[in-house]
Structures are given as C-alpha cells and as structure tokens.
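J.: Each residue of the sequence shown is one higher than the one before, counting from 31 in this note's numbering.
Where a beta carbon is used, it is the ideal one built from N, C-alpha and C, also for glycine.
Take a look at this one; I'll ask things after.
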Amino acid sequence: MAKKRSGGGLTGTQQAAKFLGVSVLAGAVLAGIALPAAGALGLAAKGTVEGFDEIPSNLKTPPLSQRTKILDSEGGLIATVYSRDRTVVPIDKISPYMQKAIVAIEDGRFYEHGAVDLKGVLRAINRNAQSGGVSEGASTLTQQYVKNVFVEEAGDDPEKVAQATQQTIGRKVRELKFAIQVEEELGKKKILENYLNITFFGQQAYGIEAASQRYFSKHAADLNLGEAAMLAGLVQSPSRYDPVNDIEEATKRRNVVLQRMADVKDISQAEADEAKAAPLKLKVKAPKNGCITAVSGAGFFCDYVRKTILTDPVFGKTAEERQKLWNLGGLTVRTTLSPRAQAAANEAATAKVDKDDPVAASVVQVQPGTGKILSMGQSRPYGLDPKKHETTLNLGVANRMGGSTYGFQVGSTFKPFTAAAALEKGISPAQTYTTPWKIELEKSSFRTCKGSPSGYDKWELQNELEEEAGTWDMTGALGKSINTYFALLEQQTGLCETVQMARKLGYERGDGKPIEENASITLGGEVSTPLSMASAYAAFANRGLYCTPVAIESVKAANGDKLNVPQTKCTRAMSDRTADTINQMLKGVVEDGTGTKAGLSDRDNAGKTGTTNDRMDAWFVGYTPNLSTAVWVGDDVGEKDTSMFRITIGGEYYPKVCGGCLPGPIWKIAMTGALDAGQTPSFNTVSVPRADKPEDKEKGDQGPNKPGKPNKPRDGKPGDRRPNVPGITLPPGIFG
C-alpha cells in the first residue's frame, strides 16, 4: 500500500472512495478506457502502451530530499540538517532480505505482472465486495512508487499532499499511465531501488537507509531477516506499527511479513518460524537534525550558513528556488569555520559570562584579507528551551540573518572610523583640541551628505571622567577614548565624510536600514553587529582593504555537481598609509590605554574599547594582522533596566562594566586560543606625528597645548577658554 502520513487506517469515507476507485479503475482497465492502443489483457500481461507522452524526468530520477552535511574548513562535520532524513543508496547497498520482504508484503507478483496486476485488481474487487469495505488494495508497487513521487514533491504543503493523494478516477488513471511508462523505461530493479529510497518508514525516517539507522543503528545492507521484515511491515502504517511506541503491534506485523515471505517461497517455513520466535531487538538512534546538533557551540554559525543559502541570490533567483534547494538537501557545504577559532570563541564567550546571567556575550572572528568568518561564539547556548536559557537569536549578526532587531550601539569602537576619515582628509594625527570635560556644540555645524544640517538644537556631550579636561592629540584621544575630541574631529572632518568612511568599511545597522547621519555617530550612537565590526576592523589589519564577510567555501550537490557560492568582494576603504597610522594609534589602546587588560604580549595587536549610555552595551574590537575579533556584552532581551552597574556577571561583581574590563578579557581569551603561536606577523610600522615632543617633556613644558593637561586662559585673559587649535579658530562661548 502507499505511504500514509499519519493514523492507523482509512476512514469510512476514504474506504468507500478507495473501493469505488479500485472498482472503476478495474472497469477502465478491462474496457481499455483512457488507455489507448492497448486492451486490458495486453496491458496486464505486458504493462506497456504506445502513444503516451514522454515520462516526466522526476519519475526517472525522483528529486528525493536528503540530508545536508555542513562541514568546517578542515572537513569536519559541524551538523547534519534536513527536511527529510534520507540517504539515497543503490540497490546493491540494500539487504536482499529487505528487497524480498517489501515485495512479498506489498506486491507479491511484482516480477510477474506489468504496471497493473489484473489478477490483483479482480481479487481486490471480490474481497472488498465480500467485506463491504476495503480489505485489500490493488495498487502495484510501481503505482505506489509513482504516487510517492508526487507526494514527495508536495513536501509539507497540505493542499499539494491532498492533490497528490486524492481518491479520484482522474488521478488513478494518470497514476496508471505513468506507472506503465515507468515500467517500460526503468525496469523492475530500478523501480524497487527508487521505491525503497522514497518510502516513509516512520520516526522521521525516509528511505531504507535512514530507517535502518533509526531503528537498528546499522546500514541497510546489513539488515537481517527479522529486521527487514519489521521495516517492510511499517510501510502500510508507520504510526500503527511503530516499534518504538508499540513493540507488540510491531512484532505481530513483522510476523505477518515473515509468513508472507514463506508463502511466496522467498524463505522456508522453518526460517520464518525461527525469525518469528526471536524478539525484536531495537537499537534506536535518536534523530539528530539541524543546527541544534552542531559541535563546539557552532549552532549560531550553522544557522547563519542556512540563512545564507536561503537569502543569497547565487543559490537561486527567487526565495522559492532557494527554499527548494535547501529542502531538497543532499548538499555538502564546506564552510569557512575554523575548528580552532570556534573552540576558542566558544570558550571565551562562556568563560566570563554564564548562560543564566542577565546579560549575554557574543564573539565573532573574521580573517583579514579574505572576509572568511572563522567563528561565532555566544554565552547563551543554541536551542529552543528557554528554561535552559537556550536561544536561536544570533547576537553576532543582522536581523535578516537571524540576529536581533536592530543590533547594538557600538560606543567608542566607532571612533577609529572618524579618525580614518580625518586622516584621509589630510588632518594630521598631531591635531589637538583643548576642551573641558563637558562641551556643547551646535548640531547645525554638522552637515549630512545632502548638505543639510544634522539638526538645529544643541548637542551636549561629556567625557567619562571630570578630570578628562585638557588638550589631546589623535593618538592620546583614541587611547583614553575622549568624547569631546572626537566630536570636534568629526566637526572638522565632516559628518558626511565620517559616514562615508563607515560605509566603506561595511558598517551596517542590524535592521538593514541606512546609517542615520547624526553628529553622535562618532561616539557610537548608531547600532551595528559584532560581525559588521569585526569585518570593519579587519580592513585596518588588511592595510585599508575591506572584504565582505563570507561563510561558505564550496557547495556540492547530491549528484556531485559544484554549485556557485558567494564570493568576498574586496574594495579599498582608505589608503594603506591611513590604515598603518590607525594601527599604530590603536596599538596604544592595548598598551597603555583603556584596553590594557586585553593586550597580547607576544605579537602586534591593536583594538578599541566601547561602552554606551547607562552601560547597556560594552565592546572590545581588536585585531592582529591575521585575525580580527569583535566582542559584545549586553542586554539581549530588550529589558530597559539591564544597565551594567553594580551587577554580577559570570560570578564576578562589577561596580560598572567597561569595554576594557569584561569584553577586553573575553577578547584576549578568544585571540589567544585562535592564534598560532608560531605565526606572529607584524603591522607595517609608520611614524605617527604627536603633538607632544620629547624635548617638551624634558623641559617640563606645561604650556596650553600639552596633551592631557588642563587648558590655561589664552594670553592671560580671564574667562577665555577657547582651545589653542592649530589652524582652527572657535568663537567665544562655544563651550558654554
């Protein structure tokens, strides 16, 4: 009988419809109706007919949904995913017992009749008439195969499944027509092979190989007589005869199959009796499907790969085409994931932040120069059980790829973008600004790329500490993360130029909307993602060349064909001189600035800390010449009161979380574990001009332009606190 998707039998209505269908179809066969150029006897005897259209290709080689394997960059298995758990195997990889058992119970005269078994039809009509219902069907194994092909193509769409299984004369005749052609072109052996690979055996197992693995943890080639008989018995009603749920019913059904095999002389009665006496010995293997089974905490990366196949046009022009490719499966997807880097990222994300903490951590690593995503780690485990603090929300990526709605404010990790824009405009790293710890600027002095003011009110901003008042150059301001400096630097550089630099570096919002051109962007007021930030900083490591992130190296279809995959696109975001200068300045952040707890002692490294208002988000983004890593810690559920003041995270109490005191150490763990101790490339060394000269230090210069020192009144005039900025004159009162 054909595959049923649920239940243990047919309803009264279905029985009546089936009885009618069998009877009418028998009449059609006997009368030769709708079957041109062949009479009933010839059809039954030969199973052929002339004048039919060419057989559809899907009936020759059915598009069977199979498992997709997702591999890391070294070929190791990350996870197995499928919409149908199926592994297609050739007939010589299927136990002879299984081949005989399925034929015996489903179509004992399979090798004797054509596409239609006339004797079977007549016998079914007689028995069904005697029983008053449907006690026996008349479909041959070939007809069942044809119907299963159309059911398979229907997938999980209820309407399409109903159309493929509807009990109508038209469908029956169409099924018969195709069955005749299948017999003509494929032959018995291939039909049996296809049938055993397409049939549903319950417990999410499609095809004999998956079923053999599910119930007995062995290959289909190794099935013994009793095991084969049990599996063959499942086909009629996988739920009713499910041995996992009802071993007694499954045993009875197995014995029916064994007796049938003896009746048709496939085995002796003695063999049948011996097999009947043996208990069913199951060795059930639980289904392992999806990214939830990924190793080393790589579930989020696995899901990112899935999203890539479903959204990137290289895998199909339309969403429907891409979904069909994914559902069909049978793919071997080789990814960019580094097993070493993933293990390090997973360890780092969970080392300092526990899964049940009020905040979460995300770690993303990217390879400079290639755009390859090497790892995605997260403190909350990948899964569907909130009681276990599991989640499928990927905190490292944009919303369209399974991430949060908007992303997260990046804080001071944005400041290097402003510095890069300034350097590209010709502004020297020795540029100084002298400010109090709190200033007020006119938003109208910041112009968008359309030339309009970014606003008409005043922008009030301040540094982290009140003592952070004085004169700073670019290197010092990056090291100490001076907000007032970067507000003035953005004002001199241009808001539009700053935004354009961010865009060149691939900086994007988590919700996919355009970057808002607000003056506060230089202080990290815009939202983004760890993947976006890791990729942007990788451009600094790559001497100004930005490469779009990629997660897939190759994809091979089930038939061995290689599919096209997304390729990284590398574009120049800034000159190599600008990138080299940024690298030298950001080295100071980890050497004696806000990121000293993150610094690596055995190689060149650079980075930037970042925190946001009310400590809702904390960041450290840093890199070596061969690895860029972004770490974010913060509220992942949108609770407005989860500010990281006076908070315990990972068992450690923090009066206030800062980018250098929590994300920084996480970054250090991730980098140390991922990097090879034997590979320590260096940044390209350049001389970075500073405002403070060595001779000034020796003289104990306390002049107004001394970086980090409070500003004195100009020319000794009380109340004049305008900064002494080379080449810049600011009107009185601008600082309030």
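#1: Kindly give me the distance between the Cβ atoms of Phe476 and Ala549, rounded to whole angstroms, as I take these residues to be in contact under 8 angstroms.
#2: CA-CA distance, Glu189 and Val335?
#3: Please list, in chain order, all residues of the same chain as Ala145 whose beta carbon is under 6 angstroms from its beta carbon, the five residues on each side excluded.
#4: What's the gap between the Cα of Thr626 and the Cα of Gly689?
#5: How is the alpha helix (DSSP H) around Ile132 delimited, first residue to last?
#6: In whole angstroms, what separates the C-alpha of Leu312 from that of Ala250?
#7: Going by the CB atoms, is the gap between Gly637 and Val663 shorter than 8 angstroms?
#8: Name the DSSP beta bridge partners of Met406, please?
#9: Please classify Arg676 as buried or exposed, where buried requires at least 16 other C-beta atoms within 10 Å of its C-beta.
#10: Apart from the five residues on each side of it in sequence, which residues of its chain come closer than 7 angstroms, Cβ to Cβ, to Lys645?
#11: If we call anything under 8 angstroms between Cβ atoms a contact, is Ile696 one with Val393?
#12: With DSSP as the reference, label Thr502 as helix, strand or coil.
#13: Measure the alpha-carbon distance for Val718 versus Phe447 and round it to whole angstroms.
#14: At the level of alpha carbons, what is the spacing between Ser434 and Asn227?
#15: Which value, in whole angstroms, describes the spacing of the CA atoms of Gly399 and Ser103?
#16: For the candidate residues Leu495, Gly500, Glu494 and Lys488, whose alpha-carbon lies nearest to that of Pro466?
#17: Secondary structure at Phe331, three-state DSSP: helix, strand or coil?
#18: Straight-line CA distance for Gly232 to Gln289?
#19: At 4 residues or longer, what runs of the alpha helix (DSSP H) sit wholly inside the stretch 288–333?
#20: On the three-state DSSP scale, how would you describe Thr421?
#21: DSSP state of Val146, grouped into three classes?
#22: How is the alpha helix (DSSP H) around Phe246 delimited, first residue to last?
#23: Rank Lys123, Ala131 and Ala532 by C-alpha distance to the C-alpha of Val440 and give the top, closest one.
#24: My guess is that Pro273 and Ala262 are in contact by the Cβ rule of under 8 angstroms, so how many angstroms apart are they, rounded?
#25: Go to Gly703, then tell me how far its alpha helix (DSSP H) extends in each direction, as first and last residue.
#26: Relative to the C-alpha of Tyr653, which residue among His143, Lys282 and Asn613 is closest?
#27: From this set, Thr348, Ala371, Asn178 and Ala305, which residue's C-alpha is nearest Ser658's C-alpha?
#28: Compute the distance between the beta-carbons of Thr366 and Val580, then report whether it is under 8 angstroms.
#29: Three Cβ pairs or more, each shorter than 8 angstroms: is that satisfied between the stretch 527–542 and the stretch 498–513?
#30: Taking 8 angstroms as the cut-off, decide whether the C-beta atoms of Thr323 and Leu101 are in contact.
#31: What did DSSP end up calling Trp356 once you bin it into helix, strand or coil?
#32: Touching or not, the stretch 585–601 and the stretch 554–565, by the rule of three or more beta carbon pairs under 8 angstroms?
#33: If Ser405 and Gln395 are in contact, beta carbons under 8 angstroms, what's the gap, nearest whole angstrom?
#34: Spatial neighbours of Lys337 within its chain, please: CB distance less than 7 angstroms, with the 5 preceding and 5 following residues excluded, ordered by chain position.
#35: Are Tyr567 and Val651 closer than 8 angstroms when you measure CB to CB?
#36: Between Asp541, Ala450, Leu471 and Ile551, which has its C-alpha nearest Met504's C-alpha?
T.: Short version:
#1: With a contact defined as Cβ atoms closer than 8 angstroms, Phe476 and Ala549 qualify at about 4 angstroms.
#2: If you draw a straight line from the Cα of Glu189 to the Cα of Val335, it comes to about 30 angstroms.
#3: Closer than 6 angstroms at Cβ, skipping near neighbours: Gly77, Thr172, Ala209, Ile210 and Glu213.
#4: Looking at the two C-alpha atoms, the distance is approximately 11 angstroms.
#5: Here the alpha helix (DSSP H) through Ile132 covers Pro126 to Glu136.
#6: Straight-line measurement puts the Cα of Ala250 at about 14 angstroms from the Cα of Leu312.
#7: In this structure, Gly637 does not lie closer than 8 angstroms to Val663 by Cβ.
#8: According to DSSP, which records beta bridges pairwise, Met406 is partnered with Val394.
#9: Exposed.
#10: The sequence given here places Arg at residue 645; Lys does not occur at that position. Ser673, Met674, Phe675, Lys686 and Val687.
#11: A contact, by the Cβ cut-off of 8 angstroms.
#12: Contrary to the premise, residue 502 reads as Trp rather than Thr in this sequence. DSSP, read as helix, strand or coil, puts Trp502 in strand.
#13: Here the C-alpha atom of Val718 lies approximately 17 angstroms from the C-alpha atom of Phe447.
#14: If you draw a straight line from the Cα of Ser434 to the Cα of Asn227, it is about 40 angstroms long.
#15: Our two residues, Gly399 and Ser103, have alpha carbons roughly 17 angstroms apart in a direct line.
#16: In this structure, Gly500 is the residue among Leu495, Gly500, Glu494 and Lys488 with its C-alpha nearest to the C-alpha of Pro466.
#17: Helix.
#18: Cα-Cα distance, rounded: 23 angstroms.
#19: Counting only runs of 4 or more, we get 299–307.
#20: Residue state, collapsed to three classes: strand.
#21: Of the three classes helix, strand and coil, the one that applies to Val146 here is coil, per DSSP.
#22: Here the alpha helix (DSSP H) through Phe246 covers Ile238 to Phe246.
#23: Residue Ala532 is the option with its Cα nearest to Val440.
#24: At roughly 13 angstroms, the Cβ-Cβ gap does not stay under 8 angstroms, so Pro273 and Ala262 are not in contact.
#25: Annotation for Gly703: the continuous alpha helix (DSSP H) segment containing it runs Pro693 to Ala704.
#26: In this structure, Asn613 is the residue among His143, Lys282 and Asn613 with its C-alpha nearest to the C-alpha of Tyr653.
#27: Nearest to Ser658 by alpha-carbon distance, out of Thr348, Ala371, Asn178 and Ala305, is Ala371.
#28: Going by beta carbons, Thr366 and Val580 fall inside the 8 angstroms limit.
#29: As far as the Cβ criterion goes, the stretch 527–542 does not touch the stretch 498–513, which means the pair count is below three.
#30: Not in contact: Thr323 and Leu101 (Cβ atoms no closer than 8 angstroms).
#31: Three-state result, Trp356: helix.
#32: Too few Cβ pairs lie closer than 8 angstroms, so no.
#33: The beta-carbon separation of Ser405 and Gln395, rounded to 4 angstroms, stays under the 8 angstroms limit for a contact.
#34: So the list reads Met431 and Gly432, once near-sequence residues are dropped.
#35: Yes. Within cutoff.
#36: For the residues Asp541, Ala450, Leu471 and Ile551, the minimum Cα distance to Met504 belongs to Ala450.
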